[in-house]
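These notes concern the structure reproduced below.
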Amino acid sequence: HQQRVFQTQLTSQQEQEIAATYPALVGDAADSRVTVSHGMVTFYFASGSADLASGTNQALSEIVAGVASGRLAVISGFHDPSGNAASNAQLAKARAQAVGEALQLLGVPADRVIYNKPENTEQGGAPASARRVEVTLQD
27 HQQRVFQTQL
37 TSQQEQEIAA
47 TYPALVGDAA
57 DSRVTVSHGM
67 VTFYFASGSA
77 DLASGTNQAL
87 SEIVAGVASG
97 RLAVISGFHD
107 PSGNAASNAQ
117 LAKARAQAVG
127 EALQLLGVPA
137 DRVIYNKPEN
147 TEQGGAPASA
157 RRVEVTLQD
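All residue numbers for the sequence shown refer to our numbering, where the first residue is 27 and numbers rise by one.
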């Protein structure tokens, strides 16, 4: 009994659509996590995914409290250097927007959230560390 293997040539756009539709099939779930350190909340994402890690609401609690006291939430998205640069930039934006939507679901008004696109969204180093969104408070 012989197993058949099918290969296809997907465009970058098709890969992104598959990643958006079936995030569990793309990347490593262990790459999705959230950390809080020195007033910064950092979300790390699996390759090709904009899905937020478990613990998002708890991690954002200090940001929500800061906004309630009159500060602004500032969100910046980054990506790793692999793949198509334009697609990666869109994915970094989608990740930042996912974090912004989470803040809004926690009661943060949209006009209290600033999306700050870094000059260089592509980050070197380990790919899992480069695929991230940072959230800070600004006076």
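Each residue gets a CB set at the ideal place from its N, CA and C atoms; glycine is no exception.
{"Item": "For the candidate residues Glu160, Leu129, Val134, whose alpha-carbon lies nearest to that of valine 62?", "Value": "Glu160"}
{"Item": "Does the distance from the C-beta atom of arginine 157 to that of phenylalanine 69 stay below 7 Å?", "Value": "no"}
{"Item": "Within 10 Å of its beta-carbon, does asparagine 142 have 16 or more other beta-carbons around it, so buried, or fewer, so exposed?", "Value": "exposed"}
{"Item": "What does DSSP give as the partner residue(s) for serine 63 in the beta ladder?", "Value": "Met66"}
{"Item": "With DSSP collapsed to three states, give me the class of serine 113.", "Value": "helix"}
{"Item": "Cutting at 7 Å between CB atoms, please list the residues of its own chain near aspartate 165, excluding the five before and the five after it.", "Value": "Arg97"}
{"Item": "Considering only their Cβ atoms, is the gap separating valine 90 from valine 125 smaller than 7 Å?", "Value": "no"}
{"Item": "Give me, in chain order, the residues of the same chain whose beta-carbon lies closer than 6 Å to that of glycine 92; leave out the 5 immediate sequence neighbours on both sides.", "Value": "Leu163"}
{"Item": "What do you reckon, are the CB atoms on valine 60 and alanine 76 nearer than 7 Å?", "Value": "no"}
{"Item": "Just mark histidine 105 as buried or exposed, buried being the case when its beta carbon has 16 or more other beta carbons within 10 Å.", "Value": "buried"}
{"Item": "Among Gln116, Asn110, Pro144, Leu129, which residue has its Cα nearest to the Cα of valine 67?", "Value": "Leu129"}
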